[in-house]
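One structure below.
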Amino acid sequence: MNKEQFADNHFIRTIIDEDLASGKHTAIQTRFPPEPNGYLHIGHAKSICLNFGLAYVYDGLCNLRFDDTNPEKENQEYVDSIKEDVHWLGFDWAGEPRYASDYFDQLFDYAVGLIKDGKAYVDDLSAEEMREYRGTLTEPGKNSPYRERSIEENLDLFMRMKDGEFPDGSKTLRLKIDMASGNVNLRDPVIYRIRRAYHHNTGNTWCIYPMYDYTHAISDAIEHVTHSLCTLEFEAHRPLYDWVLDNIPIDNHPRQYEFSRLELLYSITSKRKLNQLVSEGHVQGWDDPRMPTISGMRRRGYTPEGLRLFAKRVGISKSENVVDMSVLEGAIREELEDSAPRMMAVLNPIKVELVNYDEALTQSRSAPYHPNHPEFGEREVPISKTLYIEADDFSLNPPPGWQRLTVGGEVRLRYSYVIKCEEAVTDSSGRVVLLKCSIDHDTLGKKPEGRKVKGVIHWLSAEHAVAATVRLYDRLFTVPRPDAVRGDDGQYRDFTEFLNPDSMTQIDAWVEPVAATLAPETRYQFERLGYFVTDRYEHKPDDPLFNRTVALKDTWQKAE
Ligand code: ATP
Ligand code: MG
459 MNKEQFADNH FIRTIIDEDL ASGKHTAIQT RFPPEPNGYL HIGHAKSICL NFGLAYVYDG
519 LCNLRFDDTN PEKENQEYVD SIKEDVHWLG FDWAGEPRYA SDYFDQLFDY AVGLIKDGKA
579 YVDDLSAEEM REYRGTLTEP GKNSPYRERS IEENLDLFMR MKDGEFPDGS KTLRLKIDMA
639 SGNVNLRDPV IYRIRRAYHH NTGNTWCIYP MYDYTHAISD AIEHVTHSLC TLEFEAHRPL
699 YDWVLDNIPI DNHPRQYEFS RLELLYSITS KRKLNQLVSE GHVQGWDDPR MPTISGMRRR
759 GYTPEGLRLF AKRVGISKSE NVVDMSVLEG AIREELEDSA PRMMAVLNPI KVELVNYDEA
819 LTQSRSAPYH PNHPEFGERE VPISKTLYIE ADDFSLNPPP GWQRLTVGGE VRLRYSYVIK
879 CEEAVTDSSG RVVLLKCSID HDTLGKKPEG RKVKGVIHWL SAEHAVAATV RLYDRLFTVP
939 RPDAVRGDDG QYRDFTEFLN PDSMTQIDAW VEPVAATLAP ETRYQFERLG YFVTDRYEHK
999 PDDPLFNRTV ALKDTWQKAE
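Right, here's the structure in full:
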């Protein structure tokens, strides 16, 4: 990694530069605070690159903190996957991972302090009553009848809430702020609720759990976070964040700044909805290569470098950040162009018989794994009497300008000879099943005499090729914003209605012998076809399995 990668200017960098110049801070501390209620997705990758990237650029620190205040939805599998994904993206957190649940005692003590200061009270309103009392965006709320309980009574009730004397949902602890505030978040927000749920870290120790806003502000302050960066939907929560820190005895006050959420077209960026895809079996798991999860993209063959390049390109601002899939694929492709070695593969084969193949005369050649990177090495590309070429590279009735194979036409085999198609053999249904071709033996490594052969195609020797399974992926949804389509009744339609039934195709293909030696998660460009990766879990050297990461934008046409 290098600092250039994160060097773009954006408003948060301006703020940090000012804070460092003015001496407000001498070092910066950020945090990435996922809730462990699912696997991380492409939106989180943006937030990770921002938070860890800033720490990296400014020689500061970034914590990984699990915001684990909803025990029913959270678990260790998600914690583990999040750690793995952050590491895989190329980042490391300062010290041990933190958990909001590590602070449950402190959070409880601060709540007791707020009660003692007359700034919090125990409420008996039910959830539904509370909604009625809350008012609306245009009407003020009403005070709860329990709002004026004495400090002693509140202290007693809160202790008994903690001790498990009351049923789930029967009481809450609320901040006493202002039921008439124009900001609904300040209308006496609940900061504790009763919930008898097993917690992945604290087990059954607690039956009351603190709410997100309260927890988040205090966790940031405990960790001496200087810049607390979150997405724009938390803008209206900022006054509450500040209120909490202004009303507890804590020695520092992090500042919250908001940036826009990344949305990826033809995709979904919500853990809850991604969870639905997994639990309803629409995909094969969180790390299905079609998923916009970090682990899915990893399995698809995306690289950490490519994802970081993407995050840099989408940028940080407060304006809408809706990005087309082509931006993501472009970054991945661009990064793979120079990092992935190349080989040939035939995905949809048709057989070629070389009628004048002559073991004594016909030669194989050695070819580099990458035209611009001799350090990637070379291998022999063996030739034999029978070849496979791509069925698409032959046409019986070619359109004008056709540069690939047709009866009577010539084409160069990549890294090998020019061949001419003498005859197309068809079966009883008229389908071409075999091409009989002749080699011009005078064209190995040199141009043919007296004519130009422009087309170059990829091919494999049938005798040497290795059978492989290849999975081709297309976008997971058929509409750009699957979770924003409304029906005739004005209601949102279920986004699973827009799943693309053809998002995955599995085919039998042929690849070069080197495929039988590859470890899982090895990336190659298959020339003219795209970038591919050996599957992280199912690939075996004696039974190769490739995922197509991304297609090539252009097929090359130039002669070698
Ligand atoms: P989700 O709805 O998918 O669960 P979230 O915001 O609730 O998203 P968290 O686990 O709370 O998920 O997010 C951790 C951090 O990642 C937060 O700071 C959040 O703002 C950020 N984040 C989440 N989604 C995006 C996104 N689409 N773009 C940018 N940042 C995001
Ligand atoms: Mg969330």
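Numbering (the working numbering) for the sequence shown: 459 to 1018.
Quick reminder that beta carbons are idealized off the backbone N, C-alpha and C, glycines included.
Per DSSP, residue i is paired with what?
| i | result |
| --- | --- |
| Leu595 | DSSP, once it has assigned bridges, lists no residue as partnering Leu595. |
| His657 | Gly661 |
| His499 | Thr751 |
| Lys998 | Asp1001 |
| Glu1019 | In the structure as shown, the chain begins at 459 and stops at 1018. Residue 1019 is therefore absent and cannot be evaluated. |
| Cys507 | Its beta-bridge partners do not exist; DSSP assigns none. |
| Lys878 | Glu868 and Ser896 |
| Gln714 | Ser686 |
| Phe852 | Leu863 |
| Val780 | Glu721 |
| Val924 | Val969 |
Ends of the alpha helix (DSSP H) at residue i?
| i | result |
| --- | --- |
| Gly764 | Pro762 to Val772 |
| Trp546 | Gln534 to Trp546 |
| Leu1029 | The question about residue 1029 has no answer, for the chain in this structure spans 459 to 1018. |
According to DSSP, is residue i part of a helix, a strand, or is it coil?
| i | result |
| --- | --- |
| Trp860 | coil |
| Arg605 | coil |
| Tyr516 | coil |
| Tyr815 | coil |
| Leu1010 | coil |
| Gln463 | helix |
| Glu681 | coil |
| Arg939 | coil |
| Met801 | strand |
| Phe953 | helix |
| Ile708 | coil |
| Arg929 | strand |
| Val914 | strand |
| Thr488 | strand |
| Pro697 | helix |
| Tyr982 | strand |
| Leu631 | strand |
| Val741 | coil |
| Arg944 | strand |
| Tyr989 | strand |
| Ile726 | coil |
| Lys1016 | Note on Lys1016: pLDDT 40, under 50, position unreliable in the model; the coordinate value appears next. Note: Lys1016 maps to coil in three-state DSSP. |
Can you tell me where the beta strand (DSSP E) holding residue i begins and where it ends?
| i | result |
| --- | --- |
| Phe524 | Leu519 to Phe524 |
| Met962 | Met962 to Val969 |
| Arg823 | Arg823 to Pro826 |
| Ser797 | That residue, Ser797, is in no beta strand (DSSP E); its alpha helix (DSSP H) goes Met783 to Ser797. |
| His685 | His685 to Thr689 |
| Lys809 | Pro807 to Leu812 |
| Ile470 | No beta strand (DSSP E) contains Ile470, which is instead part of the alpha helix (DSSP H) from Phe469 to Ala479. |
| Ser887 | No beta strand (DSSP E) contains Ser887, which DSSP labels as neither H nor E. |
| Ser737 | Note, Ser737: premise wrong, no beta strand (DSSP E); alpha helix (DSSP H) at Lys729 to Ser737. |
| Ile847 | Thr844 to Glu848 |
| Glu721 | Leu720 to Leu722 |
| Ile652 | Val648 to Ile652 |
| Tyr667 | Ile666 to Pro668 |
Is it right to say residue i is buried, meaning 16 or more other beta carbons lie within 10 angstroms of its own, or is it exposed?
| i | result |
| --- | --- |
| Met669 | buried |
| His502 | buried |
| Phe549 | buried |
| Gly888 | exposed |
| Asp993 | buried |
| Met619 | buried |
| Met755 | buried |
| Leu976 | buried |
| Glu793 | buried |
| Arg730 | exposed |
| Ile965 | exposed |
| Gln487 | buried |
| Gly908 | exposed |
| His657 | buried |
| Trp1014 | Since pLDDT at Trp1014 reaches only 36, below the 50 mark, its modelled position is unreliable, and the value read off the structure follows with that caveat. Trp1014 should be labelled exposed. |
| Ser886 | exposed |
| Phe990 | buried |
The ligand NAP heavy atoms versus the CB of residue i: any closer than 6 Å?
| i | result |
| --- | --- |
| Gly501 | Looking at this structure, you won't find the ligand NAP anywhere; what it does contain is the ligand ATP and the ligand MG. |
* Whole alpha helix (DSSP H) elements within the segment 551-591, 4-residue minimum -> Runs of the alpha helix (DSSP H) spanning 4 or more residues and lying entirely within the segment 551-591 occur at 562-574, in chain order.
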